[in-house]
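A.B. asks: Got a structure for you, questions after.
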Amino acid sequence: MPDPNPPGVFVKELPSGVRTITGASTSVPAFLGYTKASANDPRDASPTPFTDAERAVPQKIGSWREFAARYSIEGIAKDLADATDPATIHTLQRCLPLAEAVHGFFANGGSTCYVVGFTSPQSAVSPEALKGNADARTGLAALASVPEVTMVAVPSLWDMTADVSSEKEVPAPDDAAGVSRMAEVVKHCTEQRNRLAILDPPPGLPPGQAGAFADTLASPDSDDAAFTALYYPWITVRGVDAVERTVPPCGHMAGVWARTDAERGVFKAPANQNLRGALKLQTLVTDDEHGELNAKGVNCLRAFPDRGLLVWGARTRSTTRDWRYLNVRRLVSYLSDSIRQSSTWAVFEPNDERLWATLRHSVTSFLTDQWRQGALVGRTPDEAFYVICDDTNNTPETMDDGKVICDIGVAPVRPAEFVHFTITQIAGQPGEATKAT
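Just so you know, the sequence shown maps onto residues 1 to 437 in the numbering used here.
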């Protein structure tokens with residue numbers, strides 16, 4: 001049969017069979033906090049403000065302008081400026097920490113976040129309400145269905161510990177109640193394994209009390225401590241309504257993490273970075289005080305001459321060697337999440353040497369790329385990691401159970417947290433002119 005094609009050159013593309021691993025998201029936080037109910041929201045905003053039902057579930061936000069429109073920040077600012085009743089003022093003020101956190105996130109280099117709102121800012125939020133319901137997609141439980149989230153922060157957490165009263169003074173936070181709510185956040189992150197909790201101590205604590213507060217949290221030896229980052233002190237910002245206020249630093253820190261990931265990589269410790277949008281620190285920490293807090297896993301924000309406000313700590317609350325540093329914990333979560341998400345093709349494939357070889361090749365290629373970028377320690381890839389997926393760990397018993405086992409070991413880089421210089425003064429030798437005299 002004659003060829004129906006005209007004379008010429010023809011190219012046929014065939015699949016190579018090579019499976020690649022794509023890096024997972026590392027820079028998407030979820031913020032949980034109070035937001036004003038939408039009943040009196042202006043409807044001419046663009047985009048249209050969310051309804052109460054929409055505010056209670058995770059909403060993806062791509063810019064500060066979108067957040068301000070969706071959550072009616074201009075309306076909150078106007079109502080707050082006109083309010084005279086103390087209870088109304090306190091209720092409206094409780095809606096602003098969430099807004100300040102989101103604004104600080106985008107100001108410091110963030111690009112995408114999720115927001116979960118609580119639309120009754122006059123009332124406390126119980127640990128059970130903060131935990132939420134997976135079926136109703138509320139609270140922390142709703143974030144289990146959002147795998148791209150890698151940080152969780154609750155800027156309204158300390159307001160959630162008390163109801164608004166008619167008194168002129170702002171209701172004081174309850175430390176014990178705050179710790180119980182923090183425990184729910186950390187529990188969620190520990191169960192998900194791919195995200196860390198960015199926590200803030202109560203406002204106004206002096207350094208000594210901040211260290212004592214850290215001691216009330218989960219044990220530093222526990223698994224929960226490895227998924228916890230605690231920052232101190234609170235910061236003063238210009239305010240989304242042009243009124244200066246002191247806010248928790250969690251939103252700004254989420255932005256610093258995202259900026260570091262974009263500029264260097266998740267393996268770089270998110271420290272020695274400027275804190276954009278912060279005017280001053282609520283408390284200035286001395287070197288001695290910082291040393292004591294650092295030993296307890298409290299990351300301090302410091303003010304240095306001619307350098308501004310800097311993030312000067314990169315630890316989890318864990319005291320174990322493996323998980324002491326934030327970048328190590330985040331890197332391992334990133335590697336695990338990337339390999340898991342990009343290896344779903346292997347499910348139900350024939351469990352034989354061809355499958356094992358393909359898995360070995362894809363994981364080795366991915367980890368080699370990470371080593372070349374500086375994420376792993378070693379002069380060669382063999383020193384930086386190993387990948388075992390063969391008949392030594394895939395036995396007939398495991399194959400009968402339908403399992404494929406791929407053992408991976410990595411050597412993450414750790415930050416140079418303490419840089420020591422030893423300076424020795426060398427005794428000078430007499431010059432020629434001195435000798436002559």
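For glycine and all other residues, C-beta sits at the position ideal for the given N, C-alpha and C.
#1: Here's a check: name, in chain order, each residue in its chain whose Cβ is nearer than 7 angstroms to the Cβ of Ser46, leaving out the five neighbours to either side.
#2: DSSP has Ile388 in a bridge; who is on the other side?
#3: Could you name the residues that DSSP lists as bridge partners for Phe31?
#4: Applying the 10 Å Cβ sphere with the 16-neighbour rule, what's the burial state of Thr84?
#5: Excluding sequence positions up to five away, which residues of its chain have a Cβ less than 7 angstroms from the Cβ of Ala436?
#6: Within its chain, find whatever has a CB closer than 6 angstroms to the CB of Leu80; leave out the 5 residues flanking it on each side and keep chain order.
#7: Use the C-beta contact count for Thr320: other C-beta atoms within 10 angstroms, 16 or more gives buried, fewer gives exposed.
#8: Does the beta-carbon distance from Thr358 to Arg19 come in below 8 angstroms?
#9: According to the Cβ coordinates, are Pro412 and Val328 closer than 8 angstroms?
#10: Near Ala37, which residues of its chain fall below 7 angstroms by C-beta distance, leaving aside the five closest residues on each side in sequence?
#11: Can you say whether Ile423 is buried or exposed, counting buried as having 16 or more other CB atoms within 10 angstroms of its CB?
#12: With DSSP as the reference, identify every bridge partner of Cys95, one or two as the case may be.
#13: What separation, rounded to the nearest whole angstrom, lies between the Cα atoms of Phe366 and Ile21?
#14: What ranges does the alpha helix (DSSP H) occupy inside the stretch 236–299, keeping only unbroken runs of at least 4 residues that lie completely in it?
#15: Does DSSP put Ile61 in a helix, in a strand, or in coil?
#16: Shortest alpha-carbon distance to Val387 belongs to which of Val377, Gly378 and Ile405?
#17: Output the distance between the C-alpha atoms of Ser222 and Val154, rounded to the nearest integer angstrom.
#18: Between the alpha carbons of Thr344 and Ala24, how many angstroms are there, rounded?
#19: With DSSP as the reference, identify every bridge partner of Phe304, one or two as the case may be.
#20: For Gln425, is the classification buried or exposed, using 16 other Cβ atoms within 10 angstroms of its Cβ as the cut-off for buried?
#21: Apply the 10 Å Cβ neighbour rule to Ala136 and answer buried if 16 or more other Cβ atoms are within range, or exposed otherwise.
#22: With a 10 Å radius around its C-beta and 16 neighbouring C-beta atoms as the bar for buried, classify Asn133 as buried or exposed.
#23: For the candidate residues Val152, Leu205, Val170 and Phe50, whose alpha-carbon lies nearest to that of Asp159?
#24: Indicate whether Gly178 and Leu157 have their beta-carbon atoms separated by less than 8 angstroms.
#25: Can you list, in chain order, the residues of its chain whose CB lies under 6 angstroms from that of His252, leaving out five sequence neighbours each side?
#26: Give the range of the alpha helix (DSSP H) segment to which Thr398 is assigned.
#27: What residues match up with Thr422 in a beta bridge as DSSP calls it?
#28: Please report the straight-line C-alpha distance between Val347 and Arg340, rounded to a whole angstrom.
#29: Would you mind sorting Thr434 into buried or exposed? The rule is 16 or more other CB atoms within 10 Å of its CB.
C.D. replies: Taking the structure as given:
#1: Ala69
#2: Asp407
#3: Val115 and Ala153
#4: exposed
#5: Confidence at Ala436 is low in this model, with a pLDDT of 47, below 50, so the placement of that residue should be treated as unreliable; the coordinate-derived value is given next. Hits under 7 angstroms: none found.
#6: Leu92
#7: exposed
#8: Their beta carbons are under 8 angstroms apart, which means Thr358 touches Arg19 by this criterion.
#9: yes
#10: Cβ neighbours of Ala37 beyond the five flanking positions: Asp52 and Thr119.
#11: exposed
#12: For Cys95, which the question treats as bridged, DSSP gives no partner whatsoever.
#13: 6 angstroms
#14: 250–263 and 287–295
#15: strand
#16: Ile405
#17: Near 22 angstroms, if we compare the C-alpha coordinates of Val154 and Ser222.
#18: 14 angstroms
#19: According to DSSP, which records beta bridges pairwise, Phe304 is partnered with Gly308.
#20: The residue in question, Gln425, is exposed, as its Cβ has fewer than 16 Cβ neighbours within 10 Å.
#21: exposed
#22: exposed
#23: Val170
#24: yes
#25: Around His252: Gly104, Asn108 and Leu275.
#26: Its alpha helix (DSSP H) spans residues Pro396 to Asp400.
#27: Paired residues: none, contrary to the question.
#28: 11 angstroms
#29: Only weak support is given to the placement of Thr434: the predicted model assigns it a pLDDT of 49, under 50, and the question is left unresolved by the model.
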